[in-house]
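2 protein chains.
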Amino acid sequence: MIELLALPGLPEVRPGDDLARLIQDTGTELTATDVLVVAHKVVSKAEGRLVDLNDVVPGERARRLAADHGKDPRHTEVVLSEAAQLVRADGGRLICRTRHGFVCANAGVDQSNAAAPDQLILLPVDPDASARALRAALPGRPAVIITDSFGRAWRNGQCEVAIGVAGLHALEDWRGRPDAQGREMHASIIAIADEIAAAADLPRGKTSREPAVRVRGLHRHITDEDGPGVAPLVRRLEDDLFR
Amino acid sequence: MIELLALPGLPEVRPGDDLARLIQDTGTELTATDVLVVAHKVVSKAEGRLVDLNDVVPGERARRLAADHGKDPRHTEVVLSEAAQLVRADGGRLICRTRHGFVCANAGVDQSNAAAPDQLILLPVDPDASARALRAALPGRPAVIITDSFGRAWRNGQCEVAIGVAGLHALEDWRGRPDAQGREMHASIIAIADEIAAAADLPRGKTSREPAVRVRGLHRHITDEDGPGVAPLVRRLEDDLFR
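Listed in order, the protein sequences are those of chains A and B. Terminal number for the first sequence in this note's numbering: 1419, no gaps in between. Terminal number for the second sequence in this note's numbering: 1419, no gaps in between.
Below, the structure written as structure tokens:
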């Protein structure tokens, strides 16, 4: 049995806020066998990963791309500054590989749920470090996953995925284990952290300030060590079939 | 609060078996506000979507592809017969677009958890119809999602996704709705059916014959009509950035 509980609404998070404190203040019990899933926006806000569009001077490349794709050149400038590589530009979508290795729209730069109209929210600089810090600061020391919603190559709609992980096996490797008939299973590596991230999107409302979700019943995936974080989920550039 | 419960193990499903009957026999309460998530393999088995490798005569294209990619030419023949298009072939992976429009490895043809060593399991011919039939046959009439595990373009590991849907909005469209600050949200279309499919993978063991999972707490996504099924999740070929 798995149980997913959205923590009661957090206040608007501001740069410098103690996110672990705000989470504790909700009064929700968190133990070492729980996974706490947190939408990255509150992490980014607490870490001050915010840009005011009015402070941005777009360069030549951003102006050209913005004109070609009907976007604000200042927004495009910030996207390019967060991107290691522009993977595809098409129909207003700038699909980028971020410096972390994530492939997503606009390099994770987003305007919705920002505190001010001209504010952009960036991804945390090191989401694994953010997850580890949050885990260490919470008395119950739950495993922590930080998430963002990413589009997919061949399917419509976004799914929440893991961008930072502490204390959890991101992948579950079934290769070499026997199936129900005792035969070796092939190519079964499950992206557990992404499935948990997706699951945690279900109990919360996008607009209702419920960025944090407690997941119970996943002890077998939790580790005492913080572990390698999200890295196992990120496909190496040389393994990418769609470069 | 969302609650995910794996139904106690089903017996090995055989062609012609009444899957709704087997699910009822587990004694698990299912109501019209529940979502029942079923891994497609038991659906495919009940529907007789099985091929014995010994009955397959590989054609020229299958023999060539199999030789190039180190695969069994009979397996490759079955994959090609299930594929509308071979999207990429690389390092032993044949990534195909199925006749349903799904992009996945081996056109969904899989050997693990088959009942016999030389047996291949195919996707259901019409997974939406399978979902509708199951919904109609279950006394509580829960919404039904049929799933398979697909790889992703830029991330390691597979996630369970929806391949058939009855009685549930597969996408939740937040475009035009205000965010927490009252501003219109952009590009927020959530693949709810895929997030539910991923969530339902968490309570079950891959080898423990728990193909069916009951999800409680999702009433706001459930519809009385069976609706358009999985179609909203399938990106149209002309919108595919990675053809």
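The beta-carbon is built from N, C-alpha and C at its ideal position, and this holds for glycine as well. Values in this document were obtained by computation on a predicted structure and should not be read as measured data.
Beta strand (DSSP E) segment containing residue i, residue limits
| i | result |
| --- | --- |
| Val-1233 of chain B | Segment: none, Val-1233 of chain B is in no beta strand (DSSP E) and carries neither H nor E. |
| Ile-1271 of chain B | 1269 to 1274 |
| Gln-1200 of chain A | Where Gln-1200 of chain A is concerned, there is no enclosing beta strand (DSSP E), although the alpha helix (DSSP H) it sits in stretches over 1195 to 1200. |
| Thr-1252 of chain A | Not the beta strand (DSSP E): Thr-1252 of chain A falls in the alpha helix (DSSP H), residues 1249 to 1258. |
| Arg-1396 of chain B | Unbroken run through Arg-1396 of chain B: none, as it is neither H nor E. |
| Thr-1323 of chain A | 1319 to 1326 |
| Leu-1296 of chain B | 1295 to 1297 |
| Gly-1284 of chain B | Gly-1284 of chain B -> no beta strand (DSSP E), and no H or E assigned at all. |
| Asp-1228 of chain A | 1226 to 1228 |
| Glu-1164 of chain A | Limits of chain A in this structure are 1177 at one end and 1419 at the other, which puts residue 1164 of chain A out of reach. |
Anticipated Cβ contact below 8 Å, residue i with residue j, distance rounded
| i | j | result |
| --- | --- | --- |
| Ile-1368 of chain A | His-1345 of chain A | 6 Å |
| Val-1410 of chain A | Phe-1326 of chain A | Not quite, the Cβ-Cβ distance comes to about 12 Å (not below 8 Å), so this is no contact. |
| Val-1341 of chain B | Gly-1405 of chain B | 5 Å |
| Ile-1398 of chain A | Val-1211 of chain A | 7 Å |
| Val-1219 of chain A | Ser-1306 of chain A | 5 Å |
| Leu-1206 of chain B | Pro-1318 of chain B | 5 Å |
| Gly-1316 of chain B | Asp-1402 of chain B | That pair is no contact at about 15 Å. |
| Gly-1203 of chain B | Arg-1385 of chain B | That belief does not hold up - the Cβ atoms of Gly-1203 of chain B and Arg-1385 of chain B are roughly 16 Å apart, past 8 Å. |
| Ile-1178 of chain A | Pro-1379 of chain B | 5 Å |
| Pro-1408 of chain B | Asn-1332 of chain A | 6 Å |
Environment of residue i [buried if 16+ CB atoms lie within 10 Å]
| i | result |
| --- | --- |
| Arg-1353 of chain A | exposed |
| Thr-1274 of chain B | buried |
| Pro-1187 of chain A | exposed |
| Glu-1414 of chain B | exposed |
| Val-1233 of chain B | exposed |
| Asp-1201 of chain B | exposed |
| Asp-1286 of chain B | buried |
| Gly-1268 of chain B | exposed |
| Arg-1390 of chain B | buried |
| Arg-1250 of chain A | buried |
| Asp-1304 of chain B | buried |
| Arg-1308 of chain B | buried |
| Asp-1377 of chain B | buried |
| Asp-1324 of chain A | buried |
Beta carbon of residue i nearer than 8 Å to that of residue j
| i | j | result |
| --- | --- | --- |
| Val-1214 of chain B | Leu-1347 of chain B | no |
| Arg-1255 of chain B | Asn-1282 of chain B | This sequence places Val at residue 1255 of chain B; Arg is not what is there. Taking 8 Å as the Cβ cut-off, Val-1255 of chain B and Asn-1282 of chain B qualify as a contacting pair. |
| Leu-1180 of chain B | Ile-1199 of chain B | no |
| Asp-1370 of chain B | Ala-1338 of chain B | yes |
| Leu-1229 of chain A | His-1245 of chain A | no |
| Pro-1191 of chain A | Gly-1224 of chain A | yes |
| Leu-1299 of chain B | His-1395 of chain B | no |
| Gly-1284 of chain B | Glu-1253 of chain B | no |
| Ala-1238 of chain A | Ala-1329 of chain B | no |
| Lys-1247 of chain B | Ile-1297 of chain B | no |
| Cys-1335 of chain B | Ala-1374 of chain B | yes |
| Leu-1241 of chain A | Ala-1265 of chain A | yes |
Bounding residues of the alpha helix (DSSP H) (the contiguous stretch that carries residue i)
| i | result |
| --- | --- |
| Ala-1291 of chain A | No alpha helix (DSSP H) holds Ala-1291 of chain A; DSSP gives it neither H nor E. |
| Glu-1179 of chain A | Run containing Glu-1179 of chain A: none in the alpha helix (DSSP H); it sits in the beta strand (DSSP E), 1178 to 1182. |
| Glu-1371 of chain B | 1368 to 1376 |
| Asp-1415 of chain A | From DSSP, Asp-1415 of chain A is part of no alpha helix (DSSP H); its letter is neither H nor E. |
| Ser-1220 of chain A | 1216 to 1222 |
| Asp-1304 of chain B | 1303 to 1313 |
beta-carbon residue i near the ligand ADP non-hydrogen atom, thresh 7 Å
| i | result |
| --- | --- |
| Asp-1349 of chain B | Of the ligands one can find in the structure shown there are none, so the ligand ADP has no counterpart to examine. |
Residues of the region 1392 to 1411 of chain A whose Cβ lies closer than 8 Å to any Cβ of chain B, in chain order: Gly-1393, Leu-1394, Pro-1408, Leu-1409, Val-1410, Arg-1411
Can you list, in chain order, the residues of the region 1283 to 1314 of chain A whose Cβ is nearer than 9 Å to any Cβ on chain B? Asp-1286, Gln-1287, Ser-1288, Asn-1289, Ala-1290, Ala-1291, Ala-1292, Pro-1293
The region 1335 to 1347 of chain A: which residues have C-beta closer than 8 Å to a C-beta of chain B, in chain order? Cys-1335, Glu-1336, Val-1337, Ala-1346, Leu-1347
Which residues of the region 1233 to 1267 of chain B have a Cβ closer than 9 Å to any Cβ of chain A? Give them in chain order. Val-1263, Arg-1264, Asp-1266, Gly-1267
Selection of the region 1211 to 1231 of chain B by Cβ proximity to chain A, strictly under 7 Å: none
Which of the residues in the region 1369 to 1387 of chain B, read from start to end, lie with their CB under 7 Å from any CB of chain A? Asp-1370, Glu-1371, Ile-1372, Ala-1374, Ala-1375, Asp-1377, Leu-1378, Pro-1379, Lys-1382, Thr-1383, Arg-1385
Proximal residues, the region 1315 to 1329 of chain A versus chain B, C-beta separation under 9 Å: Ser-1325, Phe-1326, Gly-1327, Arg-1328, Ala-1329
Residues within the region 1180 to 1209 of chain A neighbouring chain B, beta-carbon criterion of under 7 Å: Leu-1180, Leu-1181
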